[in-house]
Amino acid sequence: MSSTSTALTIAGSDPSGGAGLQADLKTFQQLGVYGMSVVTLVTVQNTQGVLQVEVLSPELMSAQLQCVLSDIPPLAIKTGALGNALVVTELARQLEGYAGPLVVDPVIVSKHGHLLASEDVIEAYKEQLLPKATLVTPNRFEVERITGVELTDELSILHALKELHRFCPGYVLMKFGELDGQSLHILSSPQRLDSQQELRKISQPRLAAPNTHGTGCILSAAICAKFALGETEVETAVRFGIDRTYEAILGNTALGQGIHPAETR
Ligand code: PLP
29 MSSTSTALTI AGSDPSGGAG LQADLKTFQQ LGVYGMSVVT LVTVQNTQGV
79 LQVEVLSPEL MSAQLQCVLS DIPPLAIKTG ALGNALVVTE LARQLEGYAG
129 PLVVDPVIVS KHGHLLASED VIEAYKEQLL PKATLVTPNR FEVERITGVE
179 LTDELSILHA LKELHRFCPG YVLMKFGELD GQSLHILSSP QRLDSQQELR
229 KISQPRLAAP NTHGTGCILS AAICAKFALG ETEVETAVRF GIDRTYEAIL
279 GNTALGQGIH PAETR
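For the sequence shown, position 21 matches number 49 in my numbering, and the numbering has no gaps at all.
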């Protein structure tokens, strides 16, 4: 039997290589994990923005998935952009027999505000996929969309996480973004929220990098890779993922024309 660590990403394509399955595969490779990818949707984009998104049929996604799973079993799986409710529902059905770590990055809105999924995807996530996840990694806009709670202060964040845990029995890592010069992540589990009633914050000094496109993908892929390497503690895998993402931003290659700060939200 091979001792190679294997991980699978089920995600969308970013032809410019900064986000999506391309970022996931590069991350797996860098961390010594053999990466596989099932394509869910194709974007037309570069560092300046997304011009077009086309979602593949659930049948085509499912055929790729079955073909890979029947041959090379992944030790961990992550999902990225899935596009619509049909794909989410079919994927959840296909993962019924999978018992390994599952990291779900519920890509609905990119951090620059581009919509990467149709509205119907939210219900499908809540009903079908989030209940299966070991860890869910939404950004703040996705938390707002999924829960309907506007994040204005700590109390609203606590409320939103409680709401989210109605669908997520596993962990949630909220990528909050910038707050008071820090880059903030919040890690929660239903047990922790019940017993402590306080937020578990992980913050780092915010780096003034112009191009952070795809860092959400890198984060969930690095966490997935850590699981594939045998880590069983979610908090350890999360810290590892945050550290690797920080390093990726530090080593950021200034490729492409990027987005002018005034155009981002
Ligand atoms: N997946 C794909 C295919 C994308 O195109 C994007 C963003 O454009 C993302 C995921 C999410 O990227 P980010 O981590 O910048 O939010």
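Cβ atoms here follow ideal geometry from the backbone N, Cα and C, with glycine treated the same way.
Predicted model, so just to flag it, every value in this text is computed and none were measured.
A contact is defined here as three or more CB-CB pairs under 8 Å, and the region 82-93 fails this definition with respect to the region 51-63. Membership of L79 in the beta strand (DSSP E) is indicated by the continuous run G77 to V83.
Contact check for I105 against I38 passes: the beta carbons are separated by less than 8 Å. Membership of G205 in the beta strand (DSSP E) is indicated by the continuous run Y199 to L207. Burial state of G48 is buried, judged by a 10 Å Cβ sphere holding 16 or more other Cβ atoms. By the 16-neighbour rule on beta-carbons within 10 angstroms, Q219 is exposed. Where P233 is concerned, the enclosing beta strand (DSSP E) starts and stops at R228 to P233.
CA-CA distance, E261 to P43, rounds to 34 Å. Here the alpha carbons of F268 and L186 stand approximately 24 Å from one another. With a cutoff of 8 Å on beta-carbon distance, Q122 and Q94 are scored as near each other. When DSSP states are grouped into helix, strand and coil, V164 belongs to the strand group. Distance from the C-beta of G48 to the nearest heavy atom of the ligand PLP is below 7 Å. The Cβ neighbour count for A250, taken over all protein chains shown within 10 Å, is at least 16; the residue is labelled buried. For T264, the enclosing alpha helix (DSSP H) has its first and last residue at V262 to L278. Looking at the DSSP output, Y62 shares a beta bridge with T34. The Cβ-Cβ distance between E124 and S90 does not fall below 8 Å. In this chain, the alpha helix (DSSP H) harbouring A152 covers V149 to A152.
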